[in-house]
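K.L.:
Have a look at this one before I ask anything.
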């Protein structure tokens with residue numbers, strides 16, 4: 005009996021040692037796999053429907069060149085959520101707005117967002133109409149649709165001022181309709197979200213719309229009564245990050261410049 009017990013004990017010890025050895029081997033193999041897998045940390049950059057094409061081109065460049073990070077793009081359908089998402093840490097950054105818009109957003113919402121690097125590209129905006137063929141045909145009491153955010157509304161009014169359709173109070177950096185000092189046609193202004201402005205042409209006499217929005221709505225972006233260039237689109241963060249420089253370099257790469265020039269049909273202009 006004693007002999008049998010000794011044999012059983014030895015067998016159990018051997019089995020236990022074997023399991024430990026296998027466990028150690030498995031653990032080491034897993035560690036080795038992690039070391040050699042080249043896993044990158046994911047960063048998420050938010051954007052809008054009309055800016056995503058440029059960001060997605062930069063994403064290709066970034067993911068090809070970065071050794072530590074992988075960029076994912078998240079598209080939002082409004083102009084508020086992507087800023088709030090950066091502010092609360094839901095996403096790492098965004099790319100869809102002008103610096104002026106961001107600064108006004110910070111004032112209005114109490115956020116502390118910051119622009120990183122220089123503006124990458126500018127949108128073309130135009131005064132469009134289904135009813136008016138030239139500026140001299142504008143009639144009294146016609147309706148004009150403009151964006152409902154401070155920055156884009158100001159750009160729209162400045163375009164009308166430049167064309168002599170209205171006159172704005174001098175020295176106002178971000179004018180609104182209260183800063184109109186002369187409105188010779190007594191135009192009526194309708195404000196709405198900027199991405200809806202192209203469709204507003206069915207219900208208003210004129211609208212000031214980004215050429216890119218017109219194009220994406222299936223309309224002729226080149227048939228405007230007048231054009232102007234908007235401010236540049238910037239990368240926005242809550243705080244400086246290690247990867248930010250790499251993202252900026254991707255956004256201002258030759259690949260992105262070529263894409264903007266050749267693929268956006270004149271609706272965007274590179275600024276680098």
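Residue numbers (the numbering used here): 5 to 276.
C-beta atoms are modelled at their ideal positions from N, C-alpha and C, and glycine is treated no differently.
Please read all numbers here as calculations on a predicted model, not as lab measurements.
Considering only their Cβ atoms, is the gap separating residue 155 from residue 102 smaller than 8 angstroms?
P.N.:
yes
K.L.:
List the whole-angstrom C-beta distance separating residue 49 from residue 95, where the pair is believed to meet the contact cut-off of C-beta under 8 angstroms.
P.N.:
7 angstroms
K.L.:
Can you tell me whether residue 176 is buried or exposed? The criterion is at least 16 other CB atoms within 10 Å of its CB, across all chains shown.
P.N.:
exposed
K.L.:
Who are the Cβ neighbours of residue 237 in its own chain at under 8 angstroms, not counting the five residues just before and after it?
P.N.:
55, 58, 99, 100, 101, 102, 123, 124, 125, 126, 127
K.L.:
Please list, in chain order, all residues of the same chain as residue 38 whose beta carbon is under 6 angstroms from its beta carbon, the five residues on each side excluded.
P.N.:
Note that residue 38 scores a pLDDT of 35, beneath 50, so its modelled location is shaky; the value from the coordinates is reported in the next line. None.
K.L.:
Taking only runs that begin and end inside the region 123 to 187, name each unbroken alpha helix (DSSP H) of 4 or more residues, in chain order.
P.N.:
154 to 166
K.L.:
DSSP has residue 120 in a bridge; who is on the other side?
P.N.:
239
K.L.:
Below 8 angstroms between beta carbons: does that hold for residue 204 and residue 221?
P.N.:
no
K.L.:
Under 6 angstroms Cβ to Cβ from residue 269, same chain only, skipping five residues before and after it: list those, please.
P.N.:
Cβ within range, chain order: n/a, list empty.
K.L.:
So is residue 84 buried or exposed if we call it buried at 16+ other beta carbons inside 10 Å?
P.N.:
exposed
K.L.:
Under 7 angstroms Cβ to Cβ from residue 77, same chain only, skipping five residues before and after it: list those, please.
P.N.:
49, 51, 56, 59, 60, 63
K.L.:
So, helix, strand or coil for residue 83, using DSSP?
P.N.:
coil
K.L.:
In terms of alpha-carbon separation, which member of 274, 169, 143 lies closest to residue 233?
P.N.:
Out of 274, 169, 143, 274 has the C-alpha closest to the C-alpha of residue 233.
K.L.:
Please classify residue 89: does DSSP put it in a helix, a strand, or coil?
P.N.:
helix
K.L.:
How would you label residue 151, buried or exposed, when you count the other beta carbons within 10 angstroms and need 16 or more for buried?
P.N.:
By the 10 Å Cβ count, residue 151 comes out buried.
K.L.:
Is it buried or exposed for residue 271, if we count other Cβ within 10 angstroms and need 16 for buried?
P.N.:
Burial call: buried.
K.L.:
Report yes or no: do three or more beta-carbon pairs, one from the region 250 to 268 and one from the region 141 to 148, lie closer than 8 angstroms?
P.N.:
No, the region 250 to 268 does not touch the region 141 to 148.
K.L.:
Whole angstroms are fine: how far does the CA of residue 45 sit from the CA of residue 21?
P.N.:
Because the pLDDT of residue 21 is 38, which lies under 50, any placement of that residue in the model is unreliable, and the number read from its coordinates should be weighed accordingly. Just so you know, the alpha carbons of residue 21 and residue 45 end up roughly 38 angstroms apart.
K.L.:
From what residue to what residue does the beta strand (DSSP E) around residue 212 run?
P.N.:
210 to 214
K.L.:
Express the C-alpha separation of residue 239 and residue 139 in angstroms, rounding to a whole number.
P.N.:
36 angstroms
K.L.:
Helix, strand or coil for residue 234, going by three-state DSSP, please let me know.
P.N.:
strand
K.L.:
For residue 194, which of helix, strand or coil comes out of DSSP?
P.N.:
strand
K.L.:
When burial is assigned at 16 or more other CB atoms within 10 Å of the CB, is residue 243 buried or exposed?
P.N.:
Residue 243 comes out exposed.
K.L.:
What residue range is occupied by the uninterrupted alpha helix (DSSP H) comprising residue 58?
P.N.:
Boundaries of the alpha helix (DSSP H) harbouring residue 58: 56 to 69, taken from the DSSP string.
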